[in-house]
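Number of protein chains: 2
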Amino acid sequence: MIFARNLRRARRLQEMSQEALGLAAGLSRTYVSEVERGARNVSIDNMGALAKALGVPLKHLVDADMFNAVEMLPKE
Amino acid sequence: MIFARNLRRARRLQEMSQEALGLAAGLSRTYVSEVERGARNVSIDNMGALAKALGVPLKHLVDADMFNAVEMLPKE
Chain A
12 MIFARNLRRA
22 RRLQEMSQEA
32 LGLAAGLSRT
42 YVSEVERGAR
52 NVSIDNMGAL
62 AKALGVPLKH
72 LVDADMFNAV
82 EMLPKE
Chain B
12 MIFARNLRRA
22 RRLQEMSQEA
32 LGLAAGLSRT
42 YVSEVERGAR
52 NVSIDNMGAL
62 AKALGVPLKH
72 LVDADMFNAV
82 EMLPKE
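Going down the list, the protein sequences come from chains A and B. Per this note's numbering, the first sequence starts with residue 12, numbered consecutively. Per this note's numbering, the second sequence starts with residue 12, numbered consecutively.
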């Protein structure tokens with residue numbers, strides 16, 4: 012669930028919508044939403060596409076120590 | 012391909028066979044071999060299982076800067 016959580020936080024940090032992230036990664040908004048809810052057993056290719064679309068190294072999106080200070084961001 | 016490369020190097024560093032890694036991760040030897048050859052669009056659940064089986068943080072297995080000094084290990 013670390014990837015799911017970090018993906019959402021990284022996206023919000025950039026004030027990007029799920030729609031915009033999906034477009035940039037070549038994926039649907041629904042797919043992005045499912046990944047962020049941990050409802051998808053996402054593949055490494057899609058993980059790479061999402062990280063690239065956010066301009067964030069993939070290793071940061073699977074790092075539990077990253078994006079921790081983002082807790083206080085308002086819900087979308 | 013970073014994950015494929017690092018997985019193989021991390022496994023060899025521990026002198027673990029593909030068979031043993033597969034067993035520890037609940038996956039087949041063939042699957043481990045395919046992942047290491049980059050022939051599998053591996054899922055995050057299996058990436059996590061492989062990292063756990065190796066005792067290596069997943070972030071290290073997707074980090075291009077990790078396992079670089081392992082180049083001189085003999086081929087299996």
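The beta-carbon is built from N, C-alpha and C at its ideal position, and this holds for glycine as well. Predicted model only: the values in this text are computed from it and were never measured.
8 Å is my cut-off, CB to CB: does residue i come that close to chain A?
i, result
"Ser54/B", "yes"
"Lys70/B", "yes"
"Met27/B", "no"
"Val73/B", "yes"
I'd like to know whether the C-beta atoms of residue i and residue j end up nearer to each other than 8 Å.
i, j, result
"Arg22/A", "Leu32/A", "yes"
"Ala60/A", "Gly37/A", "yes"
"Val53/A", "Phe78/A", "no"
"Leu72/A", "Leu18/A", "yes"
"Glu47/B", "Arg40/B", "no"
"Met27/B", "Ile55/A", "no"
"Met12/A", "Gly66/A", "no"
Return the bridge partner residues of residue i from the DSSP annotation.
i, result
"Ser54/B", "Ser54/A"
Quick check: is the beta carbon of residue i nearer than 8 Å to any beta carbon in chain B?
i, result
"Val43/A", "no"
"Phe14/A", "yes"
"Leu38/A", "no"
Looking at the C-beta of residue i, does it have a partner C-beta in chain C at a distance below 8 Å?
i, result
"Gln29/A", "The chain inventory of the structure shown lacks chain C, comprising the protein chains A and B."
Query raised in the report: Can you give, in chain order, each stretch of the alpha helix (DSSP H) that sits fully within the stretch 19 to 80 of chain B and has at least 4 residues?
Result: Every alpha helix (DSSP H) of 4 residues or more that sits fully in the stretch 19 to 80 of chain B is shown, in chain order, as 29 to 36, 40 to 47, 55 to 65 and 69 to 72.
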